[in-house]
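Residue numbers (the working numbering), protein chains in the order written: chain S, 88 to 549; chain P, 7 to 288.
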C-alpha cells in the first residue's frame, strides 16, 4: 500500500488512523494522559465548566431557532419560548441557569488554581488562556443579557456601554460606535445578538481548546504542587504518581457531573429565578427607554467588579494616588529593577498619580474594574512564593486567602445593593483589599516560614 | 353597631401595618392556592371580567386556560365577549396612546406582572398584587377619585369597588422632619379619609418624642363579611396572575421531583462505578 502509513489498529479504525490521528489523539489526551492521582473535590470544576459550555451551546442553538432579535419582538418572543414552544421553558431555564452556573464553576475553578498555584511555571499559558476564557465569558454574559430586552437588560447595557464614554477624548464617540445609536436600540440588540451567538462563542471554543492543549503539554498540577513528571517512573516511563485520565478521571468526573446535575436540576425545576439573582424580576418588565429603573444592578456574577467601579469616587482617587506614589518610591529605593527601568517605572507611576487627579474619577472606576480582571493575567509573575500549593505556605497566608475570598463575596453583595455612604466606604475598603492582595503579592508571597514540600504527592487509597 | 365595631377591629388586625423606614408599604402574604383549580378558575373569571378591559395579557392564549381545567366550550361561553377566537391571544382594543391620554400612563401588560412585581429575596409578585388590590381608598383629591397605599397616586381606579364596598382609611405617620434652620423635629400626620374620599388631615409637632418613625394605615369597612368575601376573590385573582406569569410552573415542579430521583440514582451508580475503578489505585 504505497503512501499509507503503518498503524497498529485494524479495520475501520485502522483505515481512519492511516488518514487521521484518531487513536493517537485519544491516547495523548485520554487513555495515556497521566494525571496526578491525588486530585480532590476542587478538580471537578474544570470538567464541569466544559459540561456547562456544551449545555449553553446546545440550548442556545434551540433558543436561536425561536428567538427574534428585534426590539419590537424580542421580549414577547422569549415569553413565546416559555409558553408555546414545546419544552421551550426547559431550554430557556437551562440556558439562564447555565449562565449563572457557568460563573459558579469557573469562579471555583479559578479559586482552585489560586490555592494550588496552578498558574506557576510551567503552566503560565494554561492560566493566561484561562483568564482569556473568563474575559470571553464575561463578554458573552453581557451581550446575552441584553437579548430578553427587559428593563434590566436594557438599562444594564446602557450603564455598561456608557462606561466607555468616560474614556478621555474618544469616549463619547466610542460609546455611540458600540451602540450603533445614541441610545441602546434595535441596532444595539442586533449587534449584541451577533456577538453573543457567533463571535464570542467561536473565540471561546478556540480558547478552551488552547487551554486544554497547553494543559496536556505541561501536565496537570495537583493539590500538593509537586511535579509528578519529576518523581519516580514505572518501566514504561510513566510517572508512578500519575494515572491515565481515562478511565480513572473520566469515571470520577462522571460522578462530579451527576452531583452537579442534581444542583442544576434543583434550581431549574424548583427555583429558576433563584430568588431574583439568576433571573432578575425587573427583567420581566419590557425595556422602556423612557423609564429608568430606580435601582440598576448587574447580574450577581458581575457585582464584585461593579462594586469596584462604584467605589472609585473622586475622593477615593486620593487613595490610589497615595498607592501609586508609595509604589514609585519603594520601587526606586528597594525594587530590583535594572537599568533604565529603575527610573522609568517609578516615573510612569508618578505620571499615573497625576493623571488620577487630572482625569474624571469615572474613568478610573472603569480602569479599576477592568484592572481587577486584567491583573489576573499577571498572577504567574506576581506570586514569588517558593512553594506552589497553599498546603505548604505559612498559616497566615491561608488567612490572607480567606480574607480575599470573604472580601470578594462582600464586594459581590454590595454590588447588588443600592449605594449608601456605609456601603460605599465598605466597597472602597474592599477595592483596596482586592487590589492590595495582587499588587503586594510579590512582597507577601515570599514572607513567612514555608513548610517542607514532600518529594511525592500525598495520596491515601480510597 | 357591635358588628361595625367588630368589623373595624378585625380589619385593624388584618390591615394594620407598619412600614419599614425607606421601604414601601409592607405587603400582606397572599394565601398559596396555586394547586387549587377552583381558585384559579375563579381568578380567570375575575381577570377576564375586571382586568382585561384595560390591561392586555398578550403572551397568554385563551385556550391555555385548558390547563386550569376549563374546556373550550366553557371559555367560549363565559370568557369571550367581543368575537375573539378561543385560540387568540389576550389582546385589548385600547391603544397605548389612548390609554396614556386617558389614564396618564398605559396600563401594563399583565402576562408576567406577577413575576415582574416580585422582590429579590423578598415578597412575591402575587403578594404585591394581593395587597395592591386590597388597599384602594377613596380620595377626592385624585383625578380618578381613588388612591392606593401600595402605589400612591396610581393612575388606575379601583375597578373592584363594587365587590369591596365602602371603606374609610385612617393613616398615621410619625417622622423626623428637617427644618429650614438645619435642625429637625418629630411630626405626626394623621390623615382620615371617609368612605366618600373626603379627607381631614392633621399635623402635630411632637416634643420630646423618643420613638422611631411610624407608618400605620387602618382601612375600615362597615361589613366584615363583604370584606372577607372580597379578600377571598382578590386572593383567587392574584393566584391566577401568579399562574399566568408562568403557566408551566405546576408541571415543572412535578417533573422536577422525578428528575431529581433519577439523578440521585445516577449519582449512586456513578459513585459505585468510580469506586470500582479506583480500588486498584494505590
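All C-beta atoms in this analysis are idealised placements derived from N, C-alpha and C, irrespective of residue type, glycine included.
Residue i versus residue j - alpha carbon distance
i, j, result
"residue 197 of chain S", "residue 221 of chain S", "9 Å"
"residue 92 of chain P", "residue 271 of chain P", "43 Å"
"residue 198 of chain P", "residue 494 of chain S", "50 Å"
"residue 515 of chain S", "residue 523 of chain S", "12 Å"
"residue 172 of chain S", "residue 153 of chain S", "8 Å"
"residue 447 of chain S", "residue 431 of chain S", "25 Å"
"residue 282 of chain P", "residue 546 of chain S", "18 Å"
"residue 471 of chain S", "residue 203 of chain S", "14 Å"
"residue 227 of chain P", "residue 284 of chain S", "58 Å"
"residue 258 of chain S", "residue 251 of chain S", "6 Å"
"residue 86 of chain P", "residue 165 of chain P", "19 Å"
"residue 411 of chain S", "residue 437 of chain S", "7 Å"
"residue 134 of chain P", "residue 406 of chain S", "44 Å"
"residue 75 of chain P", "residue 63 of chain P", "19 Å"
"residue 255 of chain S", "residue 254 of chain P", "50 Å"
"residue 176 of chain S", "residue 369 of chain S", "19 Å"
Span of the alpha helix (DSSP H) around residue i
i, result
"residue 231 of chain S", "211-233"
"residue 440 of chain S", "428-445"
"residue 351 of chain S", "337-357"
"residue 305 of chain S", "287-305"
"residue 35 of chain P", "Looking at the DSSP string, residue 35 of chain P is not in any alpha helix (DSSP H), and its letter there is neither H nor E."
N-terminal and C-terminal residue of the beta strand (DSSP E) that residue i is part of
i, result
"residue 174 of chain P", "174-184"
"residue 192 of chain P", "190-199"
"residue 331 of chain S", "329-331"
"residue 91 of chain P", "Taken as a continuous stretch (DSSP letters only), residue 91 of chain P belongs to no beta strand (DSSP E), as it is neither H nor E."
"residue 123 of chain S", "121-123"
"residue 212 of chain P", "205-212"
"residue 63 of chain P", "63-67"
Identity of the residue in the options nearest residue i by Cα
i, options, result
"residue 473 of chain S", "S:123, S:208, S:137 and S:175", "S:208"
"residue 462 of chain S", "S:434, S:226 and S:214", "S:214"
"residue 69 of chain P", "P:62, P:54, P:141 and P:95", "P:95"
"residue 177 of chain P", "P:225, P:153 and P:136", "P:225"
"residue 167 of chain P", "P:202, P:76 and P:194", "P:202"
"residue 342 of chain S", "P:209, P:233, P:279 and P:30", "P:279"
"residue 339 of chain S", "P:248, P:273, P:249 and P:256", "P:273"
"residue 329 of chain S", "S:117, S:346, S:157 and S:235", "S:117"
"residue 132 of chain P", "P:139, P:120 and P:194", "P:120"
"residue 475 of chain S", "S:139, S:210, S:136 and S:184", "S:210"
"residue 540 of chain S", "S:508, S:488 and S:477", "S:477"
"residue 262 of chain P", "S:353, S:334 and S:347", "S:353"
"residue 205 of chain P", "P:83, P:148 and P:56", "P:148"
"residue 212 of chain P", "P:111, P:137 and P:179", "P:179"
"residue 230 of chain S", "S:502, S:337, S:158 and S:281", "S:281"
"residue 44 of chain P", "P:72, P:60 and P:35", "P:72"
"residue 181 of chain P", "P:215, P:171, P:155 and P:169", "P:215"
"residue 174 of chain S", "S:149, S:164 and S:157", "S:149"
"residue 51 of chain P", "P:194, P:129, P:146 and P:80", "P:80"
"residue 244 of chain P", "P:171, P:187, P:140 and P:136", "P:136"
Residues of its chain near residue i, where Cβ-Cβ distance is below 8 Å and the 5 sequence neighbours each way are ignored
i, result
"residue 224 of chain S", "189, 190, 193 and 291"
"residue 512 of chain S", "none"
"residue 460 of chain S", "218, 221, 222, 225 and 392"
"residue 533 of chain S", "471, 472 and 473"
"residue 611 of chain S", "Here chain S has residues from 88 to 549 only, and residue 611 of chain S is not among them."
Same chain, Cβ closer than 7 Å to residue i, neighbours up to 5 away in sequence not counted
i, result
"residue 144 of chain P", "151, 152, 199, 201, 202 and 203"
"residue 27 of chain P", "At residue 27 of chain P the pLDDT is 34, less than 50, meaning the model places this residue with poor confidence and gives no usable figure here."
"residue 132 of chain S", "192, 195, 196 and 199"
"residue 127 of chain S", "310"
"residue 307 of chain S", "122 and 123"
"residue 147 of chain S", "182 and 284"
Bridge-paired residues (DSSP) for residue i
i, result
"residue 221 of chain P", "P:179"
"residue 142 of chain P", "P:154"
"residue 320 of chain S", "S:326"
"residue 96 of chain P", "P:63"
"residue 226 of chain P", "P:174"
"residue 237 of chain S", "S:373"
Contacting residues, own chain, Cβ-Cβ under 6 Å from residue i (five flanking each side not counted)
i, result
"residue 175 of chain P", "143, 199 and 225"
"residue 367 of chain S", "239"
"residue 109 of chain P", "161"
"residue 208 of chain P", "196"
"residue 163 of chain P", "150 and 152"
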